[in-house]
Every structure is written in structure tokens, then in C-alpha cells.
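In this note's numbering, the protein residues as written are 226 to 365.
Idealized CB from N, CA, C, for every residue including glycine.
This one's a predicted model, so the numbers in the text were calculated from it and none came from an experiment.
Below is one structure, written out as C-alpha cells; the observations come after it.
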């Protein structure tokens, strides 16, 4: 036999909230533990992805820099070219590793003799316009 509407209303308004409170009290520690474990797992995965991205990016940058610094592959020269001039020594160790943007600010601090060596080396090798223009501006 169906329950009267007053009994169903009493169950819905009184007993259901009490049952829900009891259920929450019993399940809350498990829900907290599950939520914490899920969050820690997601943070661990995100950290790993970030570390892999940094590692991969660093490796790509090193390879790109190595390719930029590496000498270009030798090409066959036509037989009618003039004999090559000897290339002067580098003005200082590691010079060939510097980009023009890295080298230009250093030129202010070099003594005159070293600036002359830089000009001679640049003209014989890469002839970077920014480096030569800075040397012109400095009077060398």
C-alpha cells in the first residue's frame, strides 16, 4: 500500500537530510584522500611534462647553436678563383663562438691593437657588417 503524501513529505524533508549528513560523515575521509591523491598525481604529471619540455628545449637550443657556429660545409671552388689569402689567427680564444650581437658590446673594452686584430679577422672571414661598422664608429 502506498504511503500517504504526508509520510513521503516527512521522509523527504527530515529523514533524507539526516541520512545525507550521516553518509557524508562516513565518506568524507575517503573522499578527501581520493581528491588529494588525484591532485598529487596530476601535479606530478604536470611537473614531469614541464621538465621534459625544458630538457628538450635546451637540447634543441644547443643543437641550433652548434649548427650556427659550425663551419659551413666546404663547397667545390671553381678553378678560376684567385689563391686564398691566409686566414689570420682569432683575436682571442672563443672568438668564433660569439655572435655579432654578443661581440659588438665587447669592442668598446678592447685595446686598440686587439680591435685591429678583430677588423683583420672579420674582413678575412665572416665580414659581419655590424662588427665592422662598430669598429668604424670607434675609429679602428
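Whole-angstrom distance between residue j and residue i, CA atom to CA atom
{"i": "residue 256", "j": "residue 268", "result": "18 Å"}
{"i": "residue 363", "j": "residue 344", "result": "12 Å"}
{"i": "residue 251", "j": "residue 244", "result": "11 Å"}
{"i": "residue 291", "j": "residue 260", "result": "47 Å"}
{"i": "residue 320", "j": "residue 331", "result": "11 Å"}
Whether residue i touches residue j by CB criterion (8 Å)
{"i": "residue 349", "j": "residue 310", "result": "yes"}
{"i": "residue 316", "j": "residue 286", "result": "no"}
{"i": "residue 369", "j": "residue 325", "result": "Because the chain here runs from 226 to 365, residue 369 falls outside it and cannot be looked at."}
{"i": "residue 334", "j": "residue 360", "result": "no"}
{"i": "residue 281", "j": "residue 313", "result": "no"}
Where residue i falls, given that 16 or more other Cβ within 10 Å makes a residue buried
{"i": "residue 270", "result": "exposed"}
{"i": "residue 276", "result": "exposed"}
{"i": "residue 265", "result": "exposed"}
{"i": "residue 235", "result": "exposed"}
{"i": "residue 328", "result": "buried"}
Distance between beta carbons of residue j and residue i, contact taken as under 8 Å
{"i": "residue 322", "j": "residue 294", "result": "6 Å"}
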